Amino acid sequence: NWESWRKGSMLNHLEIKNIYEYLGSNVLEGFRKGKTLHSDDKYTLKECQDSHGLIVSSVWYESFEGLDPITENYIRNMRANGEEINKNPRIIMSTIHGAKGGEADKVLLMQDLTNAALETFSHDPDELHRLFYTGATRAKRELHVLDPRDFDRAYIL
Numbered sequence: 001n002w003e004s005w006r007k008g009s010m011l012n013h014l015e016i017k018n019i020y021e022y023l024g025s026n027v028l029e030g031f032r033k034g035k036t037l038h039s040d041d042k043y044t045l046k047e048c049q050d051s052h053g054l055i056v057s058s059v060w061y062e063s064f065e066g067l068d069p070i071t072e073n074y075i076r077n078m079r080a081n082g083e084e085i086n087k088n089p090r091i092i093m094s095t096i097h098g099a100k101g102g103e104a105d106k107v108l109l110m111q112d113l114t115n116a117a118l119e120t121f122s123h124d125p126d127e128l129h130r131l132f133y134t135g136a137t138r139a140k141r142e143l144h145v146l147d148p149r150d151f152d153r154a155y156i157l
């Protein structure tokens, strides 16, 4: 919303309050919670600069405060590739445990094992077999299996 606001669109009080959370000291003290904004009005960036404590109007990565470099780079790459940040992600990463009960058209299954999984495998190999069966059966159309970094620490299908 920040970039479209900069280009002249109007935002409601909730959208502006959300943006203000990222601006930190670029909004004057006393205005940061958006208490001067009315719920039934929409505002231009210029109106917020004139009457609601907004100090900046530069691009988001110069205006927002507190973004770590990795997040900033991620957002820049998404925007450069035409991705819409506010949409649901196309790719969902999960552990096999987190994917239980869920399905996806395409699933990438990694064979690498953690120390805890190796310990479980040595005592109860059936538990690990069931776990990877669960992972493999989450795919509706395509299952892709990624080779492990170390075959000595992997579940071999």
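In terms of our numbering, the sequence shown has 58 at position 58, counting the first letter as 1, and numbering is strictly consecutive.
Where a beta carbon is used, it is the ideal one built from N, C-alpha and C, also for glycine.
Just so you know, these numbers come straight off a predicted model, no measurement behind them.
Any idea if G158 is buried or exposed, counting beta-carbon neighbours within 10 angstroms, 16 or more meaning buried?
Given that the chain is displayed from residue 1 to residue 157, the structure contains no residue 158 and the question cannot be resolved.
Compare the beta carbon distance of L128 and A117 with 9 Å and say whether it is the shorter of the two.
Position 128 of the sequence shown holds residue 128. Position 117 of the sequence shown holds residue 117. The answer is yes: Cβ separation under 9 Å.
Alpha carbon to alpha carbon, what distance is there between D150 and T114?
Looking up residue 114 in the sequence shown gives position 114. Looking up residue 150 in the sequence shown gives position 150. For T114 and D150, the distance between alpha carbons rounds to 11 Å.
Exposed or buried, G98, counting other C-beta atoms within 10 Å across all chains shown (16 or more means buried)?
Translated into positions along the sequence shown, residue 98 becomes position 98. It counts as exposed.
Would you grab the beta carbon distance between I75 and I91 for me? Rounded to a whole angstrom, and I think it's under 8 Å.
In the sequence shown, residue 75 corresponds to position 75, counting from 1. In the sequence shown, residue 91 corresponds to position 91, counting from 1. Actually they are not in contact, since the Cβ atoms of I75 and I91 sit about 16 Å apart, beyond 8 Å.
Let me check one thing: in DSSP terms, what residues is V56 bridge-paired to?
Here residue 56 is taken as the residue at index 56 of the sequence shown, counted from 1. None, per the DSSP bridge assignment.
Using three-state DSSP, classify N12 as helix, strand or coil.
For the purposes of this step, residue 12 is identified with residue 12 of the sequence shown, where counting begins at 1. Residue state, collapsed to three classes: strand.
My assumption, with CB atoms under 8 Å, is that G24 sits in contact with E65. Please give the rounded CB distance.
Here residue 24 is taken as the residue at index 24 of the sequence shown, counted from 1. Here residue 65 is taken as the residue at index 65 of the sequence shown, counted from 1. With a Cβ gap of about 4 Å, G24 and E65 count as contacting.
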